[in-house]
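Engineer: Counting in our numbering, the final residue of the sequence shown is number 836, and the numbers go up one at a time with none missing.
Beta carbons: idealized from backbone N, C-alpha and C, even for Gly.
In this text, all values refer to a predicted model and were calculated from it rather than measured experimentally.
My questions will all concern the structure given below.
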Amino acid sequence: MTVFGPEYWDKHGLYKAPIGFVLTLAVLMRAYLIWILAAVSRQPELDIMGLFYRDKDQFFVALAIASISLPTVVLYFLRRPDAKPHLRRPWRFMKWPLVCCAVVDLVWLVLQSAHNYFAFSEFIAIQAMLLIWVLLYLFNSRYLPVFFKDWPEPVNVEKPNASKETS
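Below you can see the structure in the form of structure tokens.
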């Protein structure tokens, strides 16, 4: 296992989340991000969902595919100094839901492209390129395996003694 120096640690002594990991989550969770963006937008004439998805079925399929990576996102947000130690074991394997999500998403894009008789679509091409980048990053990163093996150690908080000795 490669060890990275203190410049890779945060203030709690944990490995910092690599920017590539955060971008990977953004790419894989893009359906949820678009959904949140559309919900926050208070302008009904601005059809944000229509810009990205032709119909509701495509949107719901995209949400289902993105939900594969939800456990990784949840554990990533739970990764803090007061984290539960029993979450260490599942965190070690959270690379694989990301890989599975990227592969399923890429297959879905190929099926969408086939449905359009493989007519070139810039939107599908950009998404496919991003997903290929995600897969290359997940398999070739030397820092990511170290990041997934790192989990906060349990914090021992001393409880004040309720009964004080009087002299």
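State buried or exposed for K818, treating a residue as buried only when at least 16 other CB atoms are found within 10 Å of its CB.
Structural biologist: Position 149 of the sequence shown, counted from the first residue, corresponds to residue 818. When all chains shown are included, K818 counts as exposed.
Engineer: Sort D724, I717, F746 by Cα distance to W820 and report the nearest one.
Structural biologist: Your numbering for residue 820 matches position 151 in the sequence shown. Per the Cα distances, F746.
Engineer: In the DSSP assignment, the alpha helix (DSSP H) including Q796 goes from what residue to what residue?
Structural biologist: Taking the first residue of the sequence shown as 1, we reach residue 796 at position 127. Taken as a continuous stretch (DSSP letters only), the alpha helix (DSSP H) holding Q796 covers 791-809.
Engineer: Give the DSSP-derived three-state secondary structure of S736 in the structure shown.
Structural biologist: Taking the first residue of the sequence shown as 1, we reach residue 736 at position 67. Correct three-state label for S736: helix.
Engineer: From Y806 to F690, what distance separates their C-alpha atoms?
Structural biologist: The residue given as residue 806 occupies position 137 in the sequence shown. The residue given as residue 690 occupies position 21 in the sequence shown. Using only the alpha carbons, I get a separation of about 8 Å.
Engineer: DSSP state of R761, grouped into three classes?
Structural biologist: As a working note, residue 761 is residue 92 in the sequence shown. Three-state DSSP puts R761 in a helix.
Engineer: Can you give the beta carbon distance from L702 to A708, rounded, assuming they're within the 8 Å contact cut?
Structural biologist: The count along the sequence shown starts at 1 and reaches residue 702 at position 33. The count along the sequence shown starts at 1 and reaches residue 708 at position 39. Not really, about 11 Å apart at Cβ, beyond 8 Å.
Engineer: Enumerate in chain order the residues of its own chain whose CB-to-CB distance from S710 is below 8 Å, with the five nearest sequence positions on each side excluded.
Structural biologist: Here residue 710 refers to the residue found at position 41 when the sequence shown is read from its first residue. Excluding residues within five positions, the ones whose Cβ falls inside 8 Å are I717.
Engineer: Is it true that the CB of L778 sits closer than 8 Å to the CB of I795?
Structural biologist: Locating residue 795 in the sequence shown gives position 126, counting from the first residue. Locating residue 778 in the sequence shown gives position 109, counting from the first residue. With respect to L778, I795 sits apart: the two C-beta atoms are not nearer than 8 Å.
Engineer: Mind checking I734: buried by the 16 CB within 10 Å criterion, or exposed?
Structural biologist: The residue given as residue 734 occupies position 65 in the sequence shown. Buried, since its Cβ has 16 or more Cβ neighbours within 10 Å.
Engineer: Please confirm whether L697 and A771 have their CB atoms less than 8 Å apart.
Structural biologist: For the purposes of this step, residue 697 is identified with residue 28 of the sequence shown, where counting begins at 1. For the purposes of this step, residue 771 is identified with residue 102 of the sequence shown, where counting begins at 1. It is a contact, given that the beta carbons lie within the stated cut-off.
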